[in-house]
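Residues in the sequence shown are numbered from 10 upward in steps of one, following my numbering.
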Amino acid sequence: MVASKELQALRPLLESDLYDLPTVRNRELDLFRSLLFEYDPLVLERSWVKVRQIYEQEMDRRSYQDKAREGALRDSLLEVFDRLSDRAGEFLVMLAYFAFPNIDVAFLEKFTHNKGRNQSDREERVPYLMRFLNQDGVAEVKLRESNLRRAREEAAKAVIIANR
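Shown next as structure tokens:
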């Protein structure tokens with residue numbers, strides 16, 4: 010993604026050894042909390058745990074876990090999304106993108122198709138997610154993620170063949 014000129018000017022300053030992250034205290038946490046309207050922390054936590062577990066079973070399975078069916082993560086996110094307020098559900102989906110390495114832009118785009126038949130329906134139902142996906146540079150990110158996924162799949166096949 011392409012950063013604005015202002016962000017490009019800030020980048021060297023933020024990478025300096027002199028830069029120190031600002032302290033996050035209760036006041037800042039209250040601000041972050043205020044961005045999510047109408048949510049129950051317990052429901053949000055349980056929802057996140059469920060999404061994480063399904064993600065691991067479908068896309069990042071451990072040897073001791075059962076394999077989830079294809080599409081289970083999407084279905085789980087849709088269920089959680091409908092249980093939470095729209096914005097909380099939307100931000101949880103975006104958090105999953107950043108937290109789980111096997112979720113990519115293509116997954117997010119497919120997810121939005123469950124929230125509207127056309128672009129305007131989706132922009133009304135999931136405005137922040139659509140705004141995120143409509144940024145300049147997302148197409149390049151999508152291509153890079155696709156190439157990485159393909160390379161991982163080929164490496165996994167090579168390991169299977171080598172172990173035969």
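Note that the Cβ used here is the ideal one computed from N, Cα and C, for glycine as well. Note that the structure is predicted; figures quoted are calculated from it, not measured.
Might you give, ordered along the chain, the residues of its own chain that have their beta carbon closer than 8 Å to the beta carbon of residue 66, omitting 5 neighbours on each side?
Position 57 of the sequence shown, counted from the first residue, corresponds to residue 66. These residues qualify, in order along the chain: 74, 75, 76, 77 and 81.
For residue 183, which of helix, strand or coil comes out of DSSP?
Any question about residue 183 goes unanswered here, given that the chain covers just 10 to 173.
What three-state label does DSSP hand residue 87 in the structure shown?
As a position in the sequence shown, residue 87 is number 78, starting the count at 1. Look at residue 87 here: in three-state DSSP terms it is helix.
Helix, strand or coil for residue 157 per DSSP?
In the sequence shown, counting from the first residue as 1, residue 157 sits at position 148. Here DSSP, grouped into helix, strand and coil, assigns residue 157 to helix.
Taking Cβ positions, are residue 114 and residue 147 nearer each other than 8 Å?
By 1-based counting over the sequence shown, the position of residue 114 is 105. By 1-based counting over the sequence shown, the position of residue 147 is 138. Going by C-beta atoms, residue 114 is nearer than 8 Å to residue 147.
Take the Cβ of residue 162 as the centre, count every other Cβ of all protein chains shown within 10 Å, and call the residue buried at 16 or more, exposed below.
What you label residue 162 is simply residue 153 of the sequence shown in a count that begins at 1. So residue 162 counts as exposed.
Give the straight-line distance between the Cα atoms of residue 19 and residue 116, rounded to the nearest whole angstrom.
Along the sequence shown, one-based indexing puts residue 19 at 10. Along the sequence shown, one-based indexing puts residue 116 at 107. The alpha-carbon separation between residue 19 and residue 116 amounts to approximately 31 Å.
Where residue 112 sits in the DSSP three-state scheme:
Along the sequence shown, one-based indexing puts residue 112 at 103. Note: residue 112 maps to coil in three-state DSSP.
Beta-carbon gap between residue 152 and residue 123 smaller than 8 Å:
Here residue 152 refers to the residue found at position 143 of the sequence shown. Here residue 123 refers to the residue found at position 114 of the sequence shown. The Cβ atoms of residue 152 and residue 123 do not sit closer than 8 Å to each other.
In three-state terms, what does DSSP make of residue 15?
Position 6 of the sequence shown holds residue 15. Residue 15 falls in the helix class under three-state DSSP.
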